[in-house]
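Per the working numbering, the very first residue in the sequence shown carries number 23; after that it's consecutive.
Note that CB positions come from ideal geometry on N, CA and C, so glycine has one too.
Working notes, structure below.
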Amino acid sequence: MAWNGREVERRRYWTLPFPRAAEENGVRRKAAVAQLGHELREAVRLHLIADVPLGIFLSSGVDSSAIATVATEVRRGGIHTLSVGFDQPDFDETSEASNLARHLGTDHTVLRLTGAELLADIDQVFAAMDQPTVDGFNTYVVSRAARQAGLTVALSGLGGDELFGGYASFRDVPRATTLRRLLPFSIRAPQRAQDWACRIGGRGAVKALELFARPPSTVETYLLRRELLLPNERRALHNGQWQGLTSDWAIAEDVSSLSESNRVSALELSSYMRDMLLRDGDVFSMAVGLELRVPLLDHVFVEGVVRLPGGWKEPDPRPKPLLLDAVGPALPASVPERRKRGFTFPWDAWIRGPMRARVDRAVHEQEVWRAVGIAPAAPEQLWTRFHAGDPRVGGLQIMALWVLHEYAHRHGLAVA
Numbered sequence: 023m024a025w026n027g028r029e030v031e032r033r034r035y036w037t038l039p040f041p042r043a044a045e046e047n048g049v050r051r052k053a054a055v056a057q058l059g060h061e062l063r064e065a066v067r068l069h070l071i072a073d074v075p076l077g078i079f080l081s082s083g084v085d086s087s088a089i090a091t092v093a094t095e096v097r098r099g100g101i102h103t104l105s106v107g108f109d110q111p112d113f114d115e116t117s118e119a120s121n122l123a124r125h126l127g128t129d130h131t132v133l134r135l136t137g138a139e140l141l142a143d144i145d146q147v148f149a150a151m152d153q154p155t156v157d158g159f160n161t162y163v164v165s166r167a168a169r170q171a172g173l174t175v176a177l178s179g180l181g182g183d184e185l186f187g188g189y190a191s192f193r194d195v196p197r198a199t200t201l202r203r204l205l206p207f208s209i210r211a212p213q214r215a216q217d218w219a220c221r222i223g224g225r226g227a228v229k230a231l232e233l234f235a236r237p238p239s240t241v242e243t244y245l246l247r248r249e250l251l252l253p254n255e256r257r258a259l260h261n262g263q264w265q266g267l268t269s270d271w272a273i274a275e276d277v278s279s280l281s282e283s284n285r286v287s288a289l290e291l292s293s294y295m296r297d298m299l300l301r302d303g304d305v306f307s308m309a310v311g312l313e314l315r316v317p318l319l320d321h322v323f324v325e326g327v328v329r330l331p332g333g334w335k336e337p338d339p340r341p342k343p344l345l346l347d348a349v350g351p352a353l354p355a356s357v358p359e360r361r362k363r364g365f366t367f368p369w370d371a372w373i374r375g376p377m378r379a380r381v382d383r384a385v386h387e388q389e390v391w392r393a394v395g396i397a398p399a400a401p402e403q404l405w406t407r408f409h410a411g412d413p414r415v416g417g418l419q420i421m422a423l424w425v426l427h428e429y430a431h432r433h434g435l436a437v438a
């Protein structure tokens, strides 16, 4: 905000400098990659400065591997890396991370946690929330593990997926938008059609039907892909009283002139990452006294990346080729060949098992739902559908309800 002598002006102080699609030609890739490599090394060097114990979160993914590799180049010795393992073989990345740590010569620590340990701390996670969220539990867990390992500062690879096309949305959103444009008018599918689509193809098929009820735009397709609850589910929960409180048209105007890949990147950076990942990272790391640093979001480095053509960020077939080339040959060739694995908790199994009694009580506390403007019967209906095996209602949807209930109950919330 600024005072111009007559009134207060509100304006953005910084905007992501994405090029218009028509301006992407003429950029020389070799020179751009060299400059990006320099900016990456400078960002990591600056983020390594600390007078307290500092480490790097290291998984098997490209982003954290790139940061650790560059860190060993800009600082000789004294690099501490940390991996957190879980009792879920499909999501445990400690073996690959340990191999890379040995290759780089870092001081590596592996901490292992069980599902029982995670569940025992869930009330501490609820207590740390300053607003409801379903995406901060993993940050709390790894941050607490870092503190147990003696770290005060940790570097994270947050931002790499958004900048370098790491999410499936970079593939799915352009494809779905192109498909939607083949039909020049909207179709609102009746509930019977949604039920049929659900039986055939699950929640994804229902979202595909919903796609044709919306205008053909990248923004609409992106928002649909990120939505936790479908429109009819949201309407059932709040009876329409929250309708119109948010607007996505400013976002639409910001990305309309960009190439497809850069559109998705801009949307991921300015919505999911900014509004959820960054704030959750800050809240849940500071809840245990850990400073979380994100060198890939250094503003000079970000500006260097987003100015480049969107096509350079697409697989070639290597994932994140622009980041890999900026790091250079010091990063082992085996890293980009690994299957991408997310860091998620088995909410479905936990809600059906050890969490079931608590969630069941929450779902049926109608006075809490009334207090926050939720139709009291709607959570019970979703709960029933979840246990009936309806693929439209998964553990994450139920978890979102439980989080809202816990937050409202703890803070005595009520709709004015």
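Give the straight-line distance between the Cα atoms of residue i and residue j, rounded to the nearest whole angstrom.
i	j	result
threonine 243	alanine 422	22 Å
leucine 314	leucine 205	46 Å
valine 30	threonine 37	20 Å
histidine 130	glutamine 388	49 Å
proline 41	glycine 48	12 Å
alanine 436	histidine 427	11 Å
valine 74	valine 84	26 Å
serine 293	arginine 51	28 Å
leucine 346	alanine 88	8 Å
proline 341	valine 92	18 Å
leucine 104	threonine 116	9 Å
leucine 330	valine 175	31 Å
valine 195	arginine 28	45 Å
proline 401	glycine 226	22 Å
histidine 409	valine 164	30 Å
valine 349	arginine 63	8 Å
isoleucine 396	leucine 173	42 Å
arginine 257	glycine 411	22 Å
threonine 240	valine 55	28 Å
alanine 230	arginine 236	11 Å
valine 96	glycine 59	12 Å
alanine 44	tryptophan 334	15 Å
alanine 371	leucine 122	32 Å
proline 154	arginine 247	20 Å
methionine 298	valine 305	10 Å
Going by CA-CA distance only, name the one from the options that's closest to residue i.
i	options	result
alanine 430	Met23, Arg134, Phe148 and Ala230	Phe148
isoleucine 144	Arg380, Pro238, Ala235 and Leu38	Arg380
valine 106	Ser120, Asp412, Pro354 and Val277	Ser120
threonine 366	His433, Asp276, Gln170 and Leu140	Leu140
alanine 171	Leu201, Arg134, Val156 and Asp194	Arg134
valine 277	Gly326, Leu251 and Gly332	Gly332
phenylalanine 186	Trp372, Trp405, Val328 and Ala400	Val328
threonine 200	Leu233, Leu180 and Gly181	Leu233
glycine 417	Ala348, Gly303 and Leu251	Leu251
alanine 352	Pro343, Arg32, Arg203 and His125	His125
valine 286	Arg414, Arg203 and Asp183	Asp183
tryptophan 369	Arg301, Val425, Arg432 and Arg193	Val425
leucine 245	Leu177, Ala198, Gly303 and Val385	Ala198
serine 191	Ala288, Thr161, Val66 and Thr155	Ala288
leucine 76	Leu177, Arg67, Arg407 and Thr161	Leu177
histidine 433	Pro398, Ala393, Gln403 and Pro413	Ala393
glutamine 403	Pro339, Ser82, Leu259 and Leu280	Leu259
arginine 414	Gly127, Thr161 and Glu249	Glu249
proline 238	Pro253, Asn254, Arg202 and Val228	Arg202
Taking all protein chains shown into account, decide if residue i is buried (16 or more other Cβ within 10 angstroms of its Cβ) or exposed.
i	result
tryptophan 25	exposed
tyrosine 35	exposed
leucine 377	First, the amino acid is wrong: residue 377 is methionine here, not leucine. With 16 or more Cβ atoms within 10 Å of its Cβ, methionine 377 is classed as buried.
methionine 295	buried
aspartate 109	exposed
glutamine 57	exposed
glutamine 419	buried
isoleucine 101	buried
methionine 151	buried
valine 322	exposed
serine 356	exposed
isoleucine 71	exposed
leucine 68	exposed
glutamate 359	exposed
arginine 383	exposed
aspartate 302	buried
List the residues that DSSP assigns as beta-bridge partners of residue i.
i	result
aspartate 129	His102
tryptophan 25	Val30
Secondary structure, beta strand (DSSP E): runs of 3+ residues fully inside the region 48 to 116: The DSSP assignment places 76 to 79 and 102 to 108 as complete runs of the beta strand (DSSP E) inside the region 48 to 116, in order along the chain (cut-off: 3 residues).
Any alpha helix (DSSP H) of 4 or more consecutive residues that is wholly inside the region 303 to 350: Listed in chain order, the complete alpha helix (DSSP H) runs (minimum 4 residues) inside the region 303 to 350 are 321 to 328 and 343 to 349.
Entirely enclosed beta strand (DSSP E) segments - the region 124 to 180, minimum 3 residues: Entirely contained in the region 124 to 180, the beta strand (DSSP E) runs reaching 3 residues are, in chain order, 129 to 135 and 175 to 177.
Runs of alpha helix (DSSP H) wholly within the region 384 to 437 (minimum 4 residues, chain order): Those alpha helix (DSSP H) runs which fall completely within the region 384 to 437 and span 4+ residues are 388 to 393, 399 to 409 and 417 to 433.
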